[in-house]
Ligand code: 6PG
């Protein structure tokens with residue numbers, strides 16, 4: 004064969020990834036369950052046609068690949084990956100590599116890695132972020148799997164990746180499920196970022212009574228400073244858009260029910276399993292769930308329409324906007340601290356040795372959460388010292404200490420005014436809990452001991468003790 008690499012699955016992501024490879028000078032074999040789609044990718048892109056080699060069958064696809072063969076799956080997560088692998092494995096030889104580039108559950112990636120063990124065929128799970136445009140012009144890629152598989156992929160991936168300055172946004176992050184785990188946390192953070200922005204939008208709409216076009220102006224302004232990021236940039240575009248037929252702001256016409264494919268939820272589930280409270284991410288996942296129960300919310304709105312709420316007292320002047328901006332920055336730092344804590348904990352638990360600084364580096368461009376702020380995180384990890392938690396990093400302590408007052412005021416005002424800010428308030432609650440030396444788990448321990456003789460430790464004595472409480 005002559006193809007440098009192959010892509011299976013010509014959906015939007017697969018086709019764009021293949022075209023990106025072709026454009027960078029690689030010969031790419033492409034295959035799809037319905038072969039027409041693979042041929043269309045070549046025929047619809049005449050300028051790249053010489054580098055796109057569509058195959059009628061999986062056999063032809065394998066034959067067209069150079070050895071050792073590298074086949075990238077871009078098919079829906081779950082069973083389709085297992086199905087494709089089962090079909091492909093008999094056609095491959097020892098030394099060939101299969102790459103799952105979909106949004107896989109990292110537990111599946113760990114399982115699949117085990118399943119191919121001993122066959123000589125290699126398997127790698129790789130997270131790809133950046134949506135269609137990213138796939139086409141430069142995604143951020145989080146690669147897992149055995150270390151020795153990476154050299155097979157690296158020449159292609161470094162060429163097709165997004166660049167931050169000159170650095171390609173791709174790296175090998177650790178064995179088996181490491182790449183997909185990191186992608187999952189990326190998505191959990193993506194949910195939190197989006198939810199917090201939506202909460203600020205809620206304050207602007209229901210508290211400040213602003214028109215979307217005015218909000219767009221504010222977000223565009225924020226995009227020039229600390230919050231500068233892709234998600235803030237697109238938010239301004241979303242808010243500025245008018246529906247041509249009705250001449251109304253497009254956001255006002257969009258049904259307020261959020262979809263979700265599951266990766267954000269996985270982040271929260273995995274964090275929970277690791278005993279890490281990623282509460283801001285959790286709030287974001289939960290808010291999407293509640294958003295989709297729109298009829299039920301409508302009924303509840305009627306039942307509680309007259310409840311007493313204090314005036315929220317938001318001020319739509321410059322000071323008011325900068326308070327919202329500071330609140331958002333601060334909550335964002337806390338959300339990322341939670342996501343990073345989950346990765347640090349997974350790294351210990353699974354023995355991955357995740358390079359947390361590198362992860363921030365490869366998230367600086369290409370991915371959905373790309374931002375100026377990720378460069379700050381990269382720098383915090385770049386100093387050689389161990390970062391226990393972003394909230395304890397000298398680079399962030401001052402910023403959080405300064406910004407927390409704004410977050411506190413925004414959450415307080417929104418709460419008084421009956422405007423929900425579940426992710427912002429989760430961030431604030433976490434911050435206050437995190438910095439509280441004397442917590443309240445002593446009472447939890449007392450309760451557990453009373454009803455279940457679970458024992459507790461005392462400050463003034465050694466060892467675990469059980470106390471005989473009065474019978475209740
Ligand atoms: C990315 C995104 C992408 C994700 C979509 C939709 O990094 O490019 O995370 O992988 O699939 O954003 O996700 P939801 O349907 O769960 O919102």
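Residue numbers (the UniProt record's numbering): 4 to 475. The beta-carbon is built from N, C-alpha and C at its ideal position, and this holds for glycine as well.
Per DSSP, cross-strand counterpart(s) of residue i
i, result
"residue 460", "467"
"residue 130", "145"
"residue 232", "374"
"residue 33", "10 and 57"
"residue 170", "167"
"residue 74", "9 and 101"
"residue 252", "245"
"residue 68", "6"
"residue 175", "146"
"residue 27", "Beta-bridge pairing links residue 27 to no other residue."
"residue 125", "100"
Within 9 Å, strictly: CB atoms of residue i and residue j
i, j, result
"residue 314", "residue 419", "yes"
"residue 143", "residue 374", "no"
"residue 193", "residue 15", "no"
"residue 33", "residue 13", "yes"
"residue 75", "residue 44", "no"
"residue 150", "residue 171", "no"
"residue 333", "residue 410", "yes"
"residue 132", "residue 371", "yes"
"residue 46", "residue 70", "no"
"residue 54", "residue 26", "yes"
"residue 218", "residue 208", "yes"
"residue 1", "residue 330", "Because the chain in this structure spans residues 4 to 475, residue 1 falls outside the shown range and cannot be described."
"residue 116", "residue 97", "no"
"residue 289", "residue 425", "yes"
"residue 65", "residue 94", "yes"
"residue 390", "residue 384", "yes"
"residue 17", "residue 8", "no"
"residue 253", "residue 183", "no"
"residue 23", "residue 138", "yes"
"residue 80", "residue 105", "yes"
"residue 197", "residue 287", "yes"
"residue 109", "residue 147", "yes"
"residue 145", "residue 393", "no"
"residue 353", "residue 180", "yes"
"residue 350", "residue 356", "yes"
"residue 361", "residue 156", "no"
"residue 210", "residue 317", "yes"
"residue 61", "residue 20", "no"
"residue 67", "residue 51", "no"
"residue 369", "residue 201", "no"
"residue 250", "residue 215", "no"
"residue 345", "residue 277", "yes"
"residue 267", "residue 300", "no"
Below 8 Å, can you find three or more Cβ-Cβ pairs linking the segment 232 to 248 to the segment 155 to 168? no
Specify whether the segment 257 to 266 and the segment 290 to 302 touch according to this definition: at least 3 beta carbon pairs, one from each stretch, less than 8 Å apart. yes
Do the segment 429 to 440 and the segment 457 to 465 touch if we need at least three Cβ pairs shorter than 8 Å? no
If we count Cβ pairs, one from each stretch, closer than 8 Å, do we get three or more for the segment 335 to 346 versus the segment 278 to 289? yes
Are there three or more Cβ pairs, one per stretch, closer than 8 Å when the segment 181 to 201 is compared with the segment 268 to 275? yes
What alpha helix (DSSP H) runs, 4 residues minimum, are completely inside the segment 296 to 383? 297 to 306, 321 to 353 and 359 to 365
List, from N- to C-terminal side, the alpha helix (DSSP H) runs of 4 residues or more that fit wholly inside the segment 194 to 231. 215 to 225
Run through the segment 262 to 289 for me and flag every whole beta strand (DSSP E) of 3 or more residues, listed as ranges in chain order. none
Please list the segments of the alpha helix (DSSP H) lying wholly inside the segment 392 to 468, counting only runs of 4 or more residues, in order along the chain. 397 to 419, 425 to 437 and 444 to 455
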